[in-house]
Amino acid sequence: MNFSDLGLSPKLLQAISDTGYTTPTAIQSAAIGPVLQGKDLMASAQTGTGKTAAFTLPLLETLLRKPNSSKSPKFLIITPTRELAAQIEASAQTYSKYISCRTLAVFGGVKIGPQIRQLKQGVDVLIATPGRLLDLSEQGEVDLKMIDVLVLDEADRMLDMGFIPAIRRIQKLLPATKQTLMFSATYSDEIRTLAQTYLRRPVEVSVTPKNAAAHTVDQLIYPVDKKQKSAVLQYLLNNYGWVQVLVFSRTKHGANKLVRELDKANIRAAAIHGNRSQSQRTKALADFKSGKIAVLVATDIASRGIDIAQLPVVINFDLPNVPEDYVHRIGRTGRAGSNGRAISLVCADEVKQLRDIERVISRQLPREFIDGFAPQEPLPESPSKPKRPSSKPKSAPGRSRRSGQRRSDTAR
42 MNFSDLGLSP KLLQAISDTG YTTPTAIQSA AIGPVLQGKD LMASAQTGTG
92 KTAAFTLPLL ETLLRKPNSS KSPKFLIITP TRELAAQIEA SAQTYSKYIS
142 CRTLAVFGGV KIGPQIRQLK QGVDVLIATP GRLLDLSEQG EVDLKMIDVL
192 VLDEADRMLD MGFIPAIRRI QKLLPATKQT LMFSATYSDE IRTLAQTYLR
242 RPVEVSVTPK NAAAHTVDQL IYPVDKKQKS AVLQYLLNNY GWVQVLVFSR
292 TKHGANKLVR ELDKANIRAA AIHGNRSQSQ RTKALADFKS GKIAVLVATD
342 IASRGIDIAQ LPVVINFDLP NVPEDYVHRI GRTGRAGSNG RAISLVCADE
392 VKQLRDIERV ISRQLPREFI DGFAPQEPLP ESPSKPKRPS SKPKSAPGRS
442 RRSGQRRSDT AR
């Protein structure tokens, strides 16, 4: 199937072609048609499957067919984080380059004045985090009575972050006749209850088995003592030619501490988490994308919306307490058909988290030791003989030799 088979107009097809994409992903093939038919949608898709384009493209097609004659937004996309809002805005701008479309992302952490001024000029597609949207509404600066389509992106993360009460308040400000699209990596009982409340006879689309990690991600555990984790991370970073490495820390304090340790080891790094200002987070992400820094240390919430083409490797410095977050984390690599590697540094204190993760993904992750770093307390069912990681020339985990390849030809 090609994008031309999905009922998209030539101007959108040209914009898609300009990005180098030719083939829709599974979620795009399944979702675009029903959305264009005006049906509510309940979609299950992991990060890296092209879900952003799965809703931005049909929204833009709808706008092209029926232009917005007012200054009030016609399409509202609600997302849990600032980074994800900015990513969606960039996607909408990329695909709308040949059509008339006014897009705006509004979120906290930055001055509200410029956002108000742009709203007064007129907006077609409004992307918002829940808190800032309610602030604008309470100040009378945004009119949501003309919304035709509501998109709830990463609904599971909004539940985790406590945004559901805000979503319920926002729903009361919207027309009852609107079309609603819900995207979520997982569908817990709470998310299904939310869907039953706000979606009308939705088309259900699932392109990923529940709690499954992407098959393009090679996963590996390095058992280590807790006090050796930083040294092991530095060993890996110094011995493999990774251009970009995303490292996950369980806490904001841990992320800051790790960046300081990497800086002392002359490894360029920055942290991104909820205590960073929007300008600090934007700069860290821009420096990471441009190659100014090689390592980005992130917490789970702050990582949502990080979108790096062909990120070669993700390293879990700490395992997450919520096993489903492991799937979200490693979904940063191996995206849209490219290969990636996910490495986890696991100490004896994290055995419970590891078992929970392996139960959720229905497999035991392979363990390897590194000479000089074998732990005093081995993990359950670890290999009996320590060994070095695979040699760099042949199979360094996530080695950046892939970074020179042409990116996958699927839109994201």
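Per the numbering used here, the sequence shown starts with residue 42, numbered consecutively. Idealized CB from N, CA, C, for every residue including glycine. Because the structure is a prediction, the values reported are computed rather than measured.
{"query": "Contacts around S70, its chain only, beta-carbon distance under 8 Å, and the 5 residues preceding and following it disregarded", "result": "M42, L47"}
{"query": "Cβ separation of L388 and K293, assumed to be a contact under 8 Å, to the nearest whole Å", "result": "What sits at residue 388 in the sequence shown is Cys, not Leu. At roughly 20 Å, the Cβ-Cβ gap does not stay under 8 Å, so C388 and K293 are not in contact."}
{"query": "Residues bridged to F289 [DSSP beta-bridge criterion]", "result": "A339, N357"}
{"query": "Alpha-carbon to alpha-carbon, E365 and I411", "result": "27 Å"}
{"query": "Proximity below 8 Å, CB of V243 to CB of I188", "result": "Residue identity check: residue 243 is Pro in the sequence provided, not Val. No, these two residues do not count as a Cβ contact at 8 Å."}
{"query": "Neighbourhood of E391 by C-beta, 6 Å cutoff - its chain only, sequence neighbours within 5 removed", "result": "L360"}
{"query": "Close Cβ partners of I371 (< 6 Å) along its chain, the five nearest in sequence each way excluded", "result": "A254, V258, V355, A383"}
{"query": "Any alpha helix (DSSP H) of 4 or more consecutive residues that is wholly inside the stretch 227 to 309", "result": "230 to 239, 270 to 280, 293 to 305"}
{"query": "Straight-line gap, L53 to D194 (C-alpha atoms, nearest Å)", "result": "22 Å"}
{"query": "Closest by C-alpha distance to I68, when choosing among F44, Q220, I211, R106", "result": "F44"}
{"query": "When T60, Q220, G332, L200 are compared against T234, the one with the closest alpha-carbon", "result": "L200"}
{"query": "Beta-carbon proximity of I57 to Y136, cut-off 8 Å", "result": "yes"}
{"query": "Where A178 sits in the DSSP three-state scheme", "result": "A small fix is needed here, since residue 178 is Ser in this sequence, not Ala. Reduced to three states, the DSSP call for S178 is helix."}
{"query": "Reduced DSSP secondary structure (H/G/I, E/B, other) of F329", "result": "helix"}
{"query": "Cβ distance (whole Å) where V288 is taken to contact L299 below 8 Å", "result": "7 Å"}
{"query": "Helix, strand or coil at L395 according to DSSP, with G and I counted as helix", "result": "helix"}
{"query": "Supposed close pair V76, P108 - CB separation, criterion 8 Å", "result": "About 18 Å; that fails the 8 Å criterion."}
{"query": "Beta-carbon separation (whole angstroms), A207 vs G172, contact threshold 8 Å", "result": "7 Å"}
{"query": "Outcome for E179 when other beta-carbon atoms lying within 10 angstroms are tallied against a minimum of 16", "result": "exposed"}
{"query": "Residue interval of the alpha helix (DSSP H) (run including R382)", "result": "Careful: R382 lies outside any alpha helix (DSSP H), inside the beta strand (DSSP E) at 381 to 387."}
{"query": "Residues bridged to R400 [DSSP beta-bridge criterion]", "result": "Looking at the DSSP assignment, R400 forms no beta bridge with any residue, so it has no partner."}
{"query": "Endpoints, the beta strand (DSSP E) within which Y117 is located", "result": "In the sequence as presented, Tyr is not what sits at residue 117; that position holds Leu. Note, L117: beta strand (DSSP E), 116 to 119."}
{"query": "Residues of its chain near S50, where Cβ-Cβ distance is below 7 Å and the 5 sequence neighbours each way are ignored", "result": "E102, L105"}
{"query": "Residues sharing a beta bridge with Y408, DSSP", "result": "Going by the sequence as given, residue 408 is Arg instead of Tyr. The partner list for R408 (beta bridge, DSSP) reads I262."}
{"query": "Cβ-Cβ separation, Y263 to L386 (assumed contact under 8 Å), whole Å", "result": "5 Å"}
{"query": "Buried or exposed (CB count within 10 angstroms, at least 16 for buried), S318", "result": "exposed"}
{"query": "Every unbroken alpha helix (DSSP H) within the stretch 106 to 162, with a cutoff of 4 residues, ordered by chain", "result": "123 to 136, 154 to 162"}
{"query": "Run of the alpha helix (DSSP H) containing S58, from where it starts to where it stops", "result": "51 to 59"}
{"query": "Sequence-distant residues of the same chain with beta carbon closer than 7 Å to V286, five excluded per side", "result": "L278, A335, V336, V354, I356"}
{"query": "Beta carbon of L261 nearer than 8 Å to that of L406", "result": "yes"}
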